Each structure stands twice: as C-alpha cells, then as structure tokens.
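Engineer: What follows is a structure written as structure tokens; I'll ask about it next.
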Amino acid sequence: MTDKDAPTPPKSDSASTAQATADKPEPREAWDYPRHWIADVLAADGGVVHLRPIVPDDAERLVEFHSKLSERTRYMRYFGPTPTLPPREVARMTTVDHKQRVAIVAMLGGEMIGMGIYEGLASEGKPESAEVAFVIADEHQGRGLGPILLEHLAGAAAENGFTRFEAEVLSENPNMVAVFRDAGYQLSRSFDGSTVHVEFTIDPTEALLSVRNARERASEARSVANLLRPASVAVIGASTDPKKVGNALLANIIAGGFTGPVFPVNGPARVEEEGEDPRRRGHGSVASVSPRQRRVRPRPPSVRGIRAYETVRDIPDPVDLAVVAVPASQVDDVLDDCLVKGVRTLVVVSSGFGDSGEQEGLENERRLVAQVREHGMRLVGPNALGVANNDPEIALNATLAPHIPAAGRVGFFCQSGALGIAILDTAARRQIGLSTFVSAGNRADVSGNDVLQYWDSDASTDVILLYLESFGNPRKFSRISRRVSRSKPIIAVKSGKGAMSPVRKARAAANFDDEIARMMLEQAGVIQVETIPELFDCAALFAYQPLPRGPRVRIIGNSSVLGSLAADTARSGGLEVVDTVDLGAGATEEQFEDAVSAAMRDPGVDSIVVVFVPPVAVDADWHARALVAAANIPDADGAKPIVTTFLAVDGIPPGLTKPGPNGLPERGSIPSYASPERAATSLARAWQYAKWRMRPESEIHRPEGTDPEAARMFVREAMAAPDGHVDGARTAERQLSAVDSAKLLRWYGIGVVPFREVTTMHEASAAARELGFPVAVKATSSKWRGRLDREGARLDLPDATAVVNAFAELRELTGDEVLHVQKMAPKGVGTVIRVRDDQSFGSVISFGLSGRTFELLGDHGYRAIPLAELDARELIDEPRSSPLLAGYRGEEPADKEALVDLLLRISTLVDDIPEVREVLCDPILASVDGASVLNAQVRVGPVPDRRDTGPRRLN
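Its first residue numbered 1, the sequence shown is counted upward by one per residue in the working numbering.
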C-alpha cells in the first residue's frame, strides 16, 4: 500500500546518495526506516488511523499538532506549560536514527493526531532499556490510540534489541499508568515526589498477546458494527433512471424498510451536447463543443420522491454509511467529500478496479484502499454486491438483490457479487433466515476475518456461513475461527481458483493444496463443504436442530433401499448406525410417531434420520404432525437432532416448521433433504463438529528451557548483510549450515545427535574418538541424503580403522569435500518434521514418516502455527502410516511424548522468530527411548508477510 501522507526524501537524495546511505552502518539515517513499520490500525471506535515513523519533513506538522493540544495535555506530557516547542526539541523529535531513538506518528487525513517516541538509555548504563512517551490530540483521546502507539513502539524497540521500557509519569496522571498496565505489561513502579517511575519488559508474553487480541477483536467488531448498524445512509450516484445501479440500490434500501434517514446524492447539474443521448455519457462529463451546441441538464431535485443532494457534504444531517455507485474515475472526489462529512464506512459497488484483470485497475484499487484508510474509514468492495442487516431495529438492504431472505440467526459472508445474488435466492428457497449478509467483492479492505470478529459477539447470529475464494490472512483466520468455533459453528465453502476473477487469482496461492486446506480448517473447528447446496444442507441442521451428543444414529423409514443409502453414508461419515428400522411402504403416521418417539427415549441413540417417501399419494400433513409430536415428547432422553427426507423436499416443509413470533421457522423446526445421502452427510458433519467442541480446550504453552532472546539475536546476526544491515528490504534468505542450525535449535531445547564436520581422514578419526564409538560417517550433499539404499552413509562403525575406510569410500563416491561423523542414535522409526511457508496459509508445520516413499504418497499431516499440545498429538496420528509408531506387528512403540515435545518446541521457535522461514528435521528416529534428531536444516530471511505477527494492524 502506498503511504500517501508520508513525505518523500528531498530531491538531493538521488540514487547514488541512496546507495551511499544503504552502505552506512547502523544507526539508520532519518529517511531510512523499515517500511514494515508503516501500518493502518483500528481505533477503539472502529475508525482507521495511519501510523508511520517520523521524518524531518514532519517538523511543521509536529509544531501545529503541539499548538492544538490543550494546556493540561501539554502539562501532562512535558511536566510544564510548554506553549511552544523549541526548535531544538522539534529537530530532536523529527530527526531520529530509527534505532536508539524512534518516533511514530498517528495520521488522519494528512493531519498528525498522535505521536510516540522512545530513546535508548545506553548513556545511563542501560543498553537494553529505552524511555518511552507519547501524546494524543485532545479530540482523539479515549479512542485507544495510546496503547496502539505503545504496541508499535515496543515492536520497533524489540527489533532494535531493546528489552525494557521506562517512563516518567506525573502522579496526577494515573490514566497514563493505566495505559501501560491495561496493555498487559507487568509494571514495577517507584515514586519520587510528584512523579512515578515505571519500568516493564516488552517481551510478547501470553498476557500481552491476550490483551492485544481482545482489543483487536473489539475494535474490528466495532468497525463492522459501524457498517451493519448505521443510523443513516447516503446513496452516492442515485439516479432517476430505473436501469441504473444507483436507482436499484436506493429502491432496495427503501423497500427493505430501513429505519433511518436515506439521502440520495446525484451530483451537480450536467452540461450536454444538443441531441445527445444522456445514457451514452459518463456522469459529470462535458463535451468540447460550441456554446450554442451545449445545454445544461438540471440535476433532479429528488430521486424516488426523496430530496436529493449535489454532494454528501450538502446533507444537513450526519451520515454513517455511504453506498457508492459512481464510475471508478469519480471515486476520489467522493472520498474527499465523505471525509469532510465524517462518514464512517463505505460500500463501493462500482467496478473497474482489480476486477478488470488489468494492472491499472489493481493499482487503482490499492490507491483506493490507501485513500479510504487515510480518511479514517472502512471499505466494503469495490465491486461488492452490498450489505444487509435483518435486525428489525435496522432493516437494511443495501445490496443489489431486490429480495433477501427473511430474518433468522445465520450470518453469511461471500466475496463474489454475482454469486451472492444466487446465494441469497437459494437461502430464501431453503428457508435459511439471515441475521446479516456481507458481499465483499474484491475484498480490498473489510474481509471475512473482520466479519467473524463481529459475529463472535453478535447475539443475533448463531451460525456462520462463509464462501471463501482465498484466505487473505490465513494465520489470523485460523486464530479467530478457532475461538469463534467454540461457541458458533462456522461452515465454509473453499472454492478453487477456476471460479475466481483475475484479481482474486492474483491474490490466491500459486500452488493451493486442498489437503492442507482441509487440515487447517479442521484444526480450527471449521466445517468444510464442497458446494453451495452442501453449505445450506449443513446450515439448515445447525440453525434449527441441536448438536448430536454422540455418533450413534438410528435410521427410520418406509423404504429399505433409501434407508440403506442413508446408513452407508452415515458410516462413511464417521457415524455409528445402531439400527435401521424399516416400517414398510404403507407405514401409517402412528407407526412413524411411535418409532421416532422410541428413538427419542432411547439413551443408546444420539441422532435420528427419518426417511419418508411414500409410494402412493397420502396426506403428508398427518405424517408431518406425527414427526413433530414425536420430536417434542416430554420424556425424551435429552435433545437429539432429527433430519428427514420428507417427500424429497429441500428446506423446511410447512408441516415441519416450528413458527416463531413472526411466523418464520425457528429452532426446533425439522430440516428436510432431497436425498438420504445429503441428510446423513449433514448429520455426520454435525457430529464431527460436536466432537471437536467436546475436546478439552488446549492452551498454547511455552516449553521450558528456551532462550528466545539469544536465538533472536543469533538469527539477526545470521541475516546481517556484509555491511552489517539487517533491514528486511536488504537481506536475502540464507540457509544456515548444519552446525548453525543445530546451535539455533539448542536455544529451544532441541538437541541434534552430536556430530562433527570433517575434511580429512585424521579429522574423521579424531572426531570419532571424541564422540565415542560406534559412529556413522555421512555424506552432506542433498542428493546423497535420505537415499533408500543408504549409499550416502556408513553406519555402526566400531573403531577408527572403520571410520577412516568409510571416509575414503564416501569421499570417492560422493565427491563431498565435507563429511559428517555422528554418534549412533538408538534405532527407531524414521520421521520428519518440517515447517515451511504455504502461500495460502502462511507458516505450516507438517509431520510424517521419513523417506521418499512417504513423501511421494503425500502421507503427511499439517497444522497451523502455533500448536497447542492437543494439536501436536493429533498431528502425529494424522498420517495413514502413523500406526508404525504404535508398535506395529510386535515392535516396541515409539515415545510419542518425545515427538509431541519436539513439535511444540519447533512450533514455538517459528512463532517467536518469524524470520525463521523453514525448519527441516529429517530424519528423526522415534524409539522407545525418545526422539533423536539426526539432521536439521534451517533457513532464515525477511518476513514476507507480517500480518498477525507483532503489533495490531489491518491487512
């Protein structure tokens, strides 16, 4: 994203000067700050604020910012009146080295509204400490900007090697101390008359991350609430032409019964050429013709009987939401007007951005997002279908769909606008009532993650449906969905790239792996389905029926063939079919009621499938009443889900509907499916989800015996370029040597079986004696490692003579200049643990058995990082070959606890230090005595995507 309000370096900073700057050692020059320190953040009220490091050109902005502070704010910050900042102080604050002194400013619409700074205390004998201070404009205090600035300053300080912050606070300013404390830091305080001295470590502890995530959740939910619960709406681009998008939007908002005021905005009067067809001209365009050939076309004073305004600025009342339907070329002017008006959120249905498939359109879209965020707003779109909220207090249909499903308790997010209309139509036919609906279009700003944060705390939403074409921030999606799934089911369709528009293909992974996607979603408790019909199959069950408490299902029906189909599908989905009750083709309603009632009373039954497809015409209403009566008997053995194939109807048949106060189906209604397979599949997915929720919630704990600071410093030194710089933009990825890889792993309590690198027979013999016999001599080049014939290694060498001979053989065979002499480890099953970057999901950890055979078969399990203990245990059991670790055919079982510990330590390492881009431990011999890592390879480099690592930021 471009940083519009960030000043550019002076013209004298030419290419040669820039190169000279790049060659200087730290500290950095005033313009030379890490670009990943630039961030858009959400304030507590859901508004967007832009953060960036300060630069010398900010001097005038800083002076103006200071002049607007109240006397009390200046007094609290500078411990005195300080009506103006001395030039020397302005220069000190704006000319920083971005290492020993770092300053970050908060910007809104090009104006400075906050500033934070830290200064190293090396001169006071505290090289690892820095003093921190910040101040927020009076009108923006209370928006949570202080803690956000503190987070980003702490992140920058940690990158620069600081571990502690100190601050001096006036005793009469308890709010500042509360900022530090409420951020999750453990404070030590000392009092000195009128001031309080505060110190705290800035390491990202669990408490700190918990506070950060809670604040992130609240601010993102608030920003979406601003979108879905507006008090007023402006339709910009409203038209009197029924064929125009702006007219349709306005009509749908009015017809939906929106409870607040609606303001059409239809632009200025237009100048047109005589005889021209207005439909062929762009909005606001002017032809270059003589005056006598031109005429002024008056702006309609109203649209659909509502007074219209030339611009949103002309509206006399506040505007919360602006729905924009003007050509892409006019959106810039609309944004400026919305900023002046104080609009909070925008829905842009206009196309011609990234959806065009052209690079220019994609660049315009990025610029649009930068401008929207610079103006402090949030954006749905562009190319969006719109948003809807069925809450009677809001009644908002700001979409291009003329009709939306009735009110219900299902929230729906999708990306495709065209598909969104079909989805809404299907939901209405299946009687899936919606609470809220968001179609994000190109998903340039507001994403599924944001809406998940809102639905997590939305009392009107019980079930969440997602149609995903890609994961914008997979790490964050995993973290959020894992939490939300604990209380609300999330059902997701993950489409392939074939259904994507060009812009979405560009954003999606180049090598998307459906198997990895399945495992990642499963880890987070997300129910994954393949098609839209399956999505609504599950939605009907989750919205109207309870979760099964166990896998035992009874199938009751009047067709043995259809009953068998249901039973086979149920078993393949992981259910246990306790029995199949065939009532015969002529079964009466009394027989159905008795059979279902018996199943409801039976403690050995957890769920019920009812197949009702009569061979001749019957009065289905009586059968429906019988089924509903049986489902609600007072002496049932608890709540049990019931699904049915009632006359092969899809949805909620009238006879199986439990009407709510508004006459619409509510919880307790019985869903029907067109086939028994679909009914049983939905029930099986409900059981898988219920089983996931029954798992004990496993917290993420740090293993003992780790030293993240030492490891982090080692990685930074390894990444350092020859000139000593470690800024991500100047550092390439590097493969650590075997020795350095083992050294890094030791700081996380992971020991590689002792080895020595040798280049001569004498060194090999000496290394073997040092390590102790027996030993192995191994080749080091990749083509000789892991071979099935083991030609690249000589094992169980008992003495020096054998070692020397092995060295000579391998040197001649492989041509490797460097060989390894390694102590023999206990024999065991070869396994492999690997962490790598997945373009769809970020860092992914995998486990499987070692060897090219298992790699060729793809027999590995995958999980997102960080791992909880339960995740690690499940990951070990994921591969189909995992029974080999449990004592296959009389073999001694491997020590799985040692593998769990190893997985957790590697996960913690990569989570702590995202610059560790890849870890490969292969092979790991798992035996009854533990897990022995024979070889480790680590690759380090700049973090390609810092989303969801470090301080809070928008994508």
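Idealized CB from N, CA, C, for every residue including glycine. None of the values given here were measured: they were computed from a predicted structure.
If you measure between the beta carbons of residue 909 and residue 825, is that distance less than 9 Å?
Structural biologist: The residue given as residue 909 occupies position 909 in the sequence shown. The residue given as residue 825 occupies position 825 in the sequence shown. Against a cut-off of 9 Å, the Cβ pair of residue 825 and residue 909 comes out as no contact.
Engineer: Is it right to say residue 359 is buried, meaning 16 or more other beta carbons lie within 10 angstroms of its own, or is it exposed?
Structural biologist: Position 359 of the sequence shown holds residue 359. It counts as exposed.
Engineer: Distance check for residue 569 and residue 106, CA to CA, integer angstroms please.
Structural biologist: Residue mapping note: residue 106 aligns to position 106 of the sequence shown, counting from 1. Residue mapping note: residue 569 aligns to position 569 of the sequence shown, counting from 1. Cα to Cα, residue 106 sits roughly 57 Å from residue 569.
Engineer: How many angstroms separate the CA atom of residue 857 from the CA atom of residue 519?
Structural biologist: Here residue 857 refers to the residue found at position 857 when the sequence shown is read from its first residue. Here residue 519 refers to the residue found at position 519 when the sequence shown is read from its first residue. Using only the alpha carbons, I get a separation of about 17 Å.
Engineer: Would you decide whether residue 912 is buried or exposed? Buried here means 16 or more other CB atoms lie within 10 Å of its CB.
Structural biologist: As a first step, residue 912 is located in the sequence shown; it is residue number 912 there, counting from the start. That one is buried.
Engineer: Excluding the 5 residues preceding and the 5 following residue 651 in the sequence, name in chain order all residues of the same chain whose CB lies nearer than 6 Å to its CB.
Structural biologist: As a first step, residue 651 must be located in the sequence shown, where it is residue number 651. Answer for residue 651: 430 and 431, listed in chain order.
Engineer: Are there three or more Cβ pairs, one per stretch, closer than 8 Å when the stretch 733-747 is compared with the stretch 925-945?
Structural biologist: Yes, since at least three Cβ pairs between the stretch 733-747 and the stretch 925-945 fall closer than 8 Å, the two stretches touch.
Engineer: In its own chain, which residues sit with a C-beta less than 6 Å from the C-beta of residue 665, not counting the 5 before and 5 after it?
Structural biologist: Taking the first residue of the sequence shown as position 1, residue 665 is located at position 665. Cβ neighbours of residue 665 beyond the five flanking positions: 431, 652 and 657.
Engineer: Going by the beta-carbon positions, is the gap between residue 565 and residue 677 smaller than 9 Å?
Structural biologist: Here the question's residue 565 lines up with position 565 in the sequence shown. Here the question's residue 677 lines up with position 677 in the sequence shown. Result yes, Cβ atoms of residue 565 and residue 677 sit closer than 9 Å.
Engineer: Compare the C-alpha of residue 558 against each of 596, 532 and 548 and name the closest.
Structural biologist: Within the sequence shown, residue 558 is the residue found at index 558, counting from 1. The candidate whose alpha carbon is nearest that of residue 558 is 596.
Engineer: Relative to the C-alpha of residue 459, which candidate in 849, 434 and 403 has its C-alpha closest?
Structural biologist: As a working note, residue 459 is residue 459 in the sequence shown. Per the Cα distances, 434.
Engineer: Nearest-angstrom Cα distance between residue 523 and residue 700?
Structural biologist: Walking along the sequence shown from the start, residue 523 turns up at place 523. Walking along the sequence shown from the start, residue 700 turns up at place 700. Approximately 14 Å between the Cα atoms of the pair.
Engineer: From which residue to which residue does the beta strand (DSSP E) around residue 778 run?
Structural biologist: Within the sequence shown, numbered from 1, the residue matching residue 778 stands at position 778. Counting along the chain, the beta strand (DSSP E) containing residue 778 begins and ends at 775-778.
Engineer: Residue 576 lies in the beta strand (DSSP E); which residues open and close that run?
Structural biologist: Taking the sequence shown and counting its residues from 1, the one referred to as residue 576 is at position 576. Its beta strand (DSSP E) spans residues 576-582.
Engineer: Apart from the five residues on each side of it in sequence, which residues of its chain come closer than 8 Å, Cβ to Cβ, to residue 220?
Structural biologist: Position 220 of the sequence shown, counted from the start, is the residue given in the question as residue 220. Cβ within range, chain order: 42, 46, 449, 450, 453 and 454.
Engineer: Could you work out which residue in 331, 691, 587 and 619 is closest to residue 606 when comparing CA atoms only?
Structural biologist: Looking up residue 606 in the sequence shown gives position 606. For the residues 331, 691, 587 and 619, the minimum Cα distance to residue 606 belongs to 691.
Engineer: Using the Cα positions of residue 582 and residue 556, report the straight-line distance between them to the nearest angstrom.
Structural biologist: Translated into the one-based positions of the sequence shown, residue 582 becomes position 582. Translated into the one-based positions of the sequence shown, residue 556 becomes position 556. Answer to the nearest angstrom: the Cα atoms are 6 Å apart.
Engineer: Sort out for me which residues DSSP pairs residue 833 with in a bridge.
Structural biologist: Residue 833 sits at position 833 when you count from the first residue of the sequence shown. BP columns for residue 833 point to 847 and 921.
Engineer: Could you tell me the boundaries of the beta strand (DSSP E) in which residue 602 lies?
Structural biologist: Counted from its first residue, the sequence shown places residue 602 at position 602. Per DSSP, residue 602 belongs to no beta strand (DSSP E) and is neither H nor E.
Engineer: From 615, 545 and 348, pick the residue whose C-alpha is nearest to that of residue 561; which is it?
Structural biologist: The residue you call residue 561 lines up with position 561 of the sequence shown. Answer by Cα proximity: 615.
Engineer: Can you give me the Cβ contacts of residue 129 inside the same chain, cut-off strictly under 8 Å, excluding the 5 residues immediately before and after it?
Structural biologist: One-based indexing of the sequence shown puts residue 129 at position 129. 120, 121, 162, 163, 164, 165, 166 and 199, listed in sequence order.
Engineer: Does the beta-carbon of residue 673 have 16 or more other beta-carbons within 10 angstroms, so that it is buried, or is it exposed?
Structural biologist: As a working mapping, residue 673 is identified with position 673 in the sequence shown. The residue in question, residue 673, is buried, as its Cβ has 16 or more Cβ neighbours within 10 Å.
Engineer: Taking the CB atoms as reference points, tell me whether residue 381 and residue 305 lie closer together than 9 Å.
Structural biologist: Counting from one through the sequence shown, the residue named residue 381 turns up at place 381. Counting from one through the sequence shown, the residue named residue 305 turns up at place 305. No, the pair does not count as a contact, with Cβ atoms beyond the cut-off.
Engineer: Here's the rule I'm using: 16 or more other beta-carbon atoms within 10 Å means buried, otherwise exposed. How should residue 827 be labelled?
Structural biologist: Residue numbering aside, residue 827 sits at position 827 when the sequence shown is read from its first letter. Per the 10 Å Cβ criterion, exposed.
Engineer: Ignoring anything shorter than 4 residues, give me the alpha helix (DSSP H) runs that lie fully in the stretch 432-478, in order along the chain.
Structural biologist: Within the stretch 432-478, the complete alpha helix (DSSP H) runs of at least 4 residues are 448-457.
Engineer: Taking 9 Å as the cut-off, decide whether the C-beta atoms of residue 352 and residue 361 are in contact.
Structural biologist: Indexing the sequence shown from 1 puts residue 352 at position 352. Indexing the sequence shown from 1 puts residue 361 at position 361. Yes, Cβ-Cβ distance for residue 352 and residue 361 is below 9 Å.
Engineer: With the cut-off set at 9 Å, would you say residue 115 and residue 54 are in Cβ contact?
Structural biologist: Here residue 115 refers to the residue found at position 115 when the sequence shown is read from its first residue. Here residue 54 refers to the residue found at position 54 when the sequence shown is read from its first residue. In contact: residue 115 and residue 54 (Cβ atoms closer than 9 Å).
Engineer: Check each candidate in 642, 356 and 376 and name the one with the smallest Cα separation from residue 226.
Structural biologist: In the sequence shown, residue 226 corresponds to position 226, counting from 1. If we check each option's Cα against that of residue 226, 376 comes out closest.
Engineer: How many whole angstroms separate the CB atoms of residue 601 and residue 636, which I take to be in contact at a CB cut-off of 8 Å?
Structural biologist: Numbered from 1 along the sequence shown, position 601 holds the residue referred to as residue 601. Numbered from 1 along the sequence shown, position 636 holds the residue referred to as residue 636. Going by Cβ atoms, the distance from residue 601 to residue 636 rounds to 6 Å, so yes, they are a contact pair.
Engineer: Relative to the C-alpha of residue 264, which residue among 303, 711, 245 and 243 is closest?
Structural biologist: Walking along the sequence shown from the start, residue 264 turns up at place 264. Checking every option, the nearest Cα to that of residue 264 belongs to 303.
Engineer: Helix, strand or coil for residue 860 per DSSP?
Structural biologist: Start at 1 with the first residue of the sequence shown, and residue 860 comes out as number 860. If DSSP states are grouped into helix, strand and coil, residue 860 belongs with the strands.
Engineer: What are the uninterrupted segments assigned as beta strand (DSSP E) that are 3 or more residues long and contained completely in the stretch 231-271, given in chain order?
Structural biologist: Taking only runs of at least 3 residues, the beta strand (DSSP E) segments lying wholly in the stretch 231-271 are 233-236 and 262-265.
Engineer: What's the C-alpha gap between residue 869 and residue 641?
Structural biologist: Within the sequence shown, numbered from 1, the residue matching residue 869 stands at position 869. Within the sequence shown, numbered from 1, the residue matching residue 641 stands at position 641. Cα-Cα distance, rounded: 32 Å.
Engineer: Helix, strand or coil, according to DSSP, for residue 824 in the structure here?
Structural biologist: Taking the sequence shown and counting its residues from 1, one reaches residue 824 at position 824. DSSP places residue 824 in coil when its eight states are reduced to three.
Engineer: My guess is that residue 248 and residue 308 are in contact by the Cβ rule of under 8 Å, so how many angstroms apart are they, rounded?
Structural biologist: Within the sequence shown, the letter at position 248 stands for residue 248. Within the sequence shown, the letter at position 308 stands for residue 308. The Cβ separation is near 16 Å, so there is no contact.
Engineer: What does the Cβ neighbour count give for residue 364, buried or exposed, with the cut at 16 atoms within 10 Å?
Structural biologist: Within the sequence shown, the letter at position 364 stands for residue 364. So residue 364 counts as buried.
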